[in-house]
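First the structure, in the form of structure tokens, and then the observations on it.
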Amino acid sequence: MDKVYDQTKVEQKWYKFWEESGFFKPKIDPNKKPYVIAMPPPNVTGELHLGHALTASIEDLLIRYHRMKGDPTLWIPGVDHAGIATQVVVEKELSKEGKTRHDLGKDEFLKRVWEWVEKYGRRIDAQHKKLGVSADWSRRKFTLDPDYQEAVKEAFLRLYKKELIYKAERMINWCSRCETVLSDLEVVYREQKDPLYYIKYGPLTLATVRPETKFGDTALAVNPQDKRYRKYVGQTLEIEDVLGKSQIKVIEDEAVDPKFGTGVIKVTPAHDPTDFEIGQRHNLEIRQVIDFNGKLNEKAGKFAGLTIAEARIQVVQELEKKGLIEKVDQNYVHSVGHCQRCDTTVEPMVSLQWFVKMKPLAEPAIEAVKRGEIKIIPKRFEKIYFQWLENIKDWTISRQLWWGHQIPLEGEEDVLDTWFSSSLWPFATLGWPSSTKASEGKPSDYEYFYPTTVMETGYDILFFWVSRMIMMGLFLTGQVPFTTVYLHGLIRDPMGQKMSKSKGNVIEPLFMADKYGTDALRMSLIIGNTPGKDMRLSEPKIQGLRNFTNKLWNIGRFIIDFAPDDAKHLSVIPSEHSERGNLNSRKIATSVATLLPRNDNKNDKEILEKLNQTTEAVTKALESFRFHDAANTLYEFTWHQFADKYIESTKDRRAEAQPVLEYVFRTSLELLHPFMPFITEELWQRLPHDGKSIMIAKWPEAK
RNA sequence: GGACACUUAGCUCAGCGGCAGAGCGUCUCGUUCACAUCGAGAAGGCCGAAGGUUCAAAUCCUUCAGUGUCCACCA
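Structure representation (structure tokens):
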């Protein structure tokens, strides 16, 4: 063996071996309860990032652990078409050629997206394999597969028939760059400083940040309690405006905050959510002045055709010229919505869209968690989950995009929110709705594997995805889609900043896997990572865990390459399991009991006892989702107890200690396998062992 | 405006009623003898502040202060 561990000689070889041996496919045993994880399908927008690597590391850890425990274990991989996200990414590619999607037309554009999907879909699979993901690739799903489209259609129709889907004209969030409606969750609010203009409307003055929407004003409003303006309420004022004289009436409404600005507001029902509601209460005209392309329309007179930003500047100039601006507050800070995918400022607009009625779906979803049918880890997220569901609003599901699931109804051009299809993931991947029945005496995947066991994902998509899967699962299948939700935190840079390409602080997981080994990368994501908490990651940490892989390698080298000629080996110890025989050729001694009676060496006893404690602690930690704890325990045991202390103590009685060395090391490798699959397989194969692969070895049991 | 989390060694973080821990960093020593991607040892902490509960508090309760995150129609 080389002096230094070289993962490049190891990883590919074993992945190929595992995949070809069929170990990733579960054996259906009707008498056993399966262990199932539906992998959160990465968006086909690009490469895997550290968040994906974390997901893969945790889930593969759970999957390998349960497989070794003997559960029929299924991990369903896949990729998400990611509607708006993918469309935006491909549009960005096009813009490099100086083109927009409209230059290509719908058919040609969709062809480009499909090319993208082919390329990145394959790349994502390859990257998952590089990370050691032991998923059942024969069950891989893409959220636009034909059978998945069937599932989406079926879900839509069932909701529609129960009147849980409806079409209505509402105030919605509009992205004028993507030219589509967005759901509330897809709007990211950010504080920003904008000038607050105090503008004269006849005898009154009001404060606004949006003078360019004034062409859509259909009233002025004050609070009914506000004595200052009582005499104006009910009057129609003659005012001088940028487009000449006009008339506007003054109304009173509770929604007006008398402490804001002057206590008077302009009501623009077409372009502000509060104003829209005031308008509904007072029967005001909804006068749209901004078009869906983000430009002012003919109602803006000479300002028609300008973008919102241009119009704001020009309207203010005109107002100033006419002496209609009383003052400008330059320090006004407010929060402005931006498109989650392209960062364009979101415009409130009134538009006819499809919605899902959420209250009837939310109630059972709340109950399922309250009754403990679904457990969320860490528990504090249950409260966040309840709060969101208890105050839920209807979900806008139509999108004016080209890439996505077509709404299956006559005359509909729109596609569905990508999260609508994702919400079906745990059961649509298992054959729902068409292949749910047994055939030829064999249970269907849906019957055997559904509901799934664990949903493991980042807490940032608790609302987007997890709660919607629970609602859809309960409504469409009558069952919870999974029984445990495990939420991990976000990976941040060493300064605690979010990683992003523009900041240049991104750590590429695949690059790290190449440089230090997949096992080191995976371990670096598990150790020191507490459930639900963000974690800082730096290259030196990965390096440190590369050192750990090298430590394991050299323990192996010491035990295997440097074994004395007269050493007895584990495989030739007589035991209840074994006969005398050659190395690796017979059943081998597997229990502490077969080793201990052979001698009463104090160090042997101690290390075996510590191994036993470690086995127990690691198993307990894994059962309670304390992965960091399990990893830490193993790190401490193998390095400091086993290598530093025990191995040192055997140097003057090496031949005698050999079977204990082999036994303890092999067991440690088995415990480490779910965390570090590659190096553990490589070393395990070189030790006396039983069976074809460590990944199907029996999980060690504490005595 | 609500809700939640965090504050422990120089740094990053575990621990969450019973003698303050790890990794990295620092300092001292050690290269034939598995590994310098290493080993032996050392220094380093009023566990954010103030009250309270308890035989016992980093850990439970209250208040406060910083930091961060999420939610909410701040015109």
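Count along the first sequence starting at 1, add 1, and that's the number in the working numbering.
C-beta: ideal position from N, C-alpha, C; glycine also.
Run through the DSSP bridge pairs and tell me what residue i is partnered with.
i: residue 51; result: BP columns for residue 51 are empty, so no partner.
i: residue 167; result: 356
i: residue 39; result: 77
i: residue 175; result: 182, 348
i: residue 486; result: 377, 456
i: residue 499; result: 493
i: residue 1; result: Within the shown structure, residues of the chain are numbered from 2 to 704, placing residue 1 beyond reach of any answer.
i: residue 340; result: 188
i: residue 321; result: Residue 321 pairs with nothing; no bridge assigned.
i: residue 44; result: 81
i: residue 335; result: 193
i: residue 241; result: 246
i: residue 330; result: 197
i: residue 291; result: 297
i: residue 443; result: 440
i: residue 308; result: 296
Could you round the C-beta distance between residue i and residue j to whole angstroms and report it? I think they count as a contact, below 8 Å.
i: residue 701; j: residue 668; result: 5 Å
i: residue 419; j: residue 156; result: About 14 Å; that fails the 8 Å criterion.
i: residue 413; j: residue 177; result: Going by Cβ atoms, the distance from residue 413 to residue 177 rounds to 22 Å, so no, they are not a contact pair.
i: residue 187; j: residue 341; result: 5 Å
i: residue 208; j: residue 250; result: Not quite, the Cβ-Cβ distance comes to about 19 Å (not below 8 Å), so this is no contact.
i: residue 229; j: residue 262; result: With 8 Å as the limit, residue 229 and residue 262 do not qualify as a contact, their Cβ atoms being about 12 Å apart.
i: residue 27; j: residue 75; result: 4 Å
i: residue 138; j: residue 216; result: That belief does not hold up - the Cβ atoms of residue 138 and residue 216 are roughly 58 Å apart, past 8 Å.
i: residue 424; j: residue 470; result: 5 Å
i: residue 513; j: residue 543; result: 5 Å
i: residue 511; j: residue 51; result: 10 Å between Cβ atoms; not a contact.
i: residue 317; j: residue 198; result: 7 Å
i: residue 398; j: residue 355; result: 5 Å
i: residue 658; j: residue 605; result: 7 Å
Take residue i as the anchor and find which of the options has the nearest alpha-carbon.
i: residue 695; options: 22, 384, 434; result: 22
i: residue 131; options: 90, 434, 679, 558; result: 679
i: residue 703; options: 612, 488, 347, 301; result: 612
i: residue 488; options: 35, 468, 266; result: 468
i: residue 13; options: 128, 558, 383, 401; result: 128
i: residue 672; options: 614, 320, 213, 341; result: 614
i: residue 336; options: 457, 287, 194; result: 194
i: residue 287; options: 439, 474, 274; result: 274
i: residue 252; options: 270, 246, 233; result: 233
i: residue 109; options: 404, 651, 518, 501; result: 404
i: residue 327; options: 289, 366, 205; result: 205
i: residue 271; options: 94, 289, 260; result: 289
i: residue 446; options: 34, 4, 7; result: 34
i: residue 226; options: 292, 260, 439; result: 260
i: residue 634; options: 619, 115, 322; result: 619
i: residue 498; options: 343, 535, 309; result: 535
i: residue 472; options: 389, 343, 198; result: 389
i: residue 699; options: 550, 449, 68; result: 68
i: residue 624; options: 6, 15, 10, 66; result: 66
i: residue 515; options: 3, 5, 9; result: 9
i: residue 135; options: 142, 77, 518; result: 77
i: residue 379; options: 85, 485, 481; result: 485
i: residue 566; options: 6, 557, 655; result: 655
i: residue 675; options: 686, 663, 697; result: 697
i: residue 154; options: 464, 462, 409, 660; result: 409
i: residue 547; options: 517, 653, 557, 530; result: 517
i: residue 61; options: 519, 621, 237; result: 519
Fully enclosed by the stretch 179–225, which alpha helix (DSSP H) runs are 4 residues long or longer?
none
Along the chain, which unbroken stretches of the beta strand (DSSP E) at least 3 residues long are found entirely within the stretch 51–110?
Secondary structure in the stretch 51–110: the beta strand (DSSP E) runs of 3 residues or longer, each lying completely within the stretch, are 74–77 in chain order.
Counting pairs of Cβ atoms below 8 Å between the stretch 476–496 and the stretch 43–55, do you hit three or more?
yes
Please determine if the stretch 274–284 and the stretch 252–265 are in contact, where contact requires at least 3 C-beta pairs separated by less than 8 Å.
yes
Any chance you could list the alpha helix (DSSP H) runs of at least 4 consecutive residues sitting entirely within the stretch 245–269, in chain order?
none
Complete runs of the alpha helix (DSSP H) confined to the stretch 359–440 [at least 4 residues]
Runs of the alpha helix (DSSP H) inside the stretch 359–440: 360–371, 381–391, 419–423, 426–429.
Runs of 4 residues minimum, wholly inside the stretch 499–561: which ones carry the alpha helix (DSSP H) assignment?
510–517, 519–527, 540–561
For the stretch 206–221 and the stretch 422–437, state whether three or more C-beta atom pairs, one from each stretch, are separated by less than 8 Å.
no
Just checking, does the stretch 353–366 make contact with the stretch 469–480 on the three C-beta pairs under 8 Å criterion?
Contact check between the stretch 353–366 and the stretch 469–480: three or more CB pairs, one atom from each, fall below 8 Å, which counts as touching.
Would you say the stretch 18–37 touches the stretch 524–531, given that touching needs at least three Cβ pairs under 8 Å?
no
The stretch 32–52 contacting the stretch 104–121, beta-carbon criterion three pairs below 8 Å
yes
Threshold first: 4 residues or longer. Then list the alpha helix (DSSP H) segments lying entirely within the stretch 622–687, N to C.
628–637, 655–673, 678–687
Does the stretch 638–650 come within contact of the stretch 549–556, defined as at least 3 CB pairs closer than 8 Å?
yes
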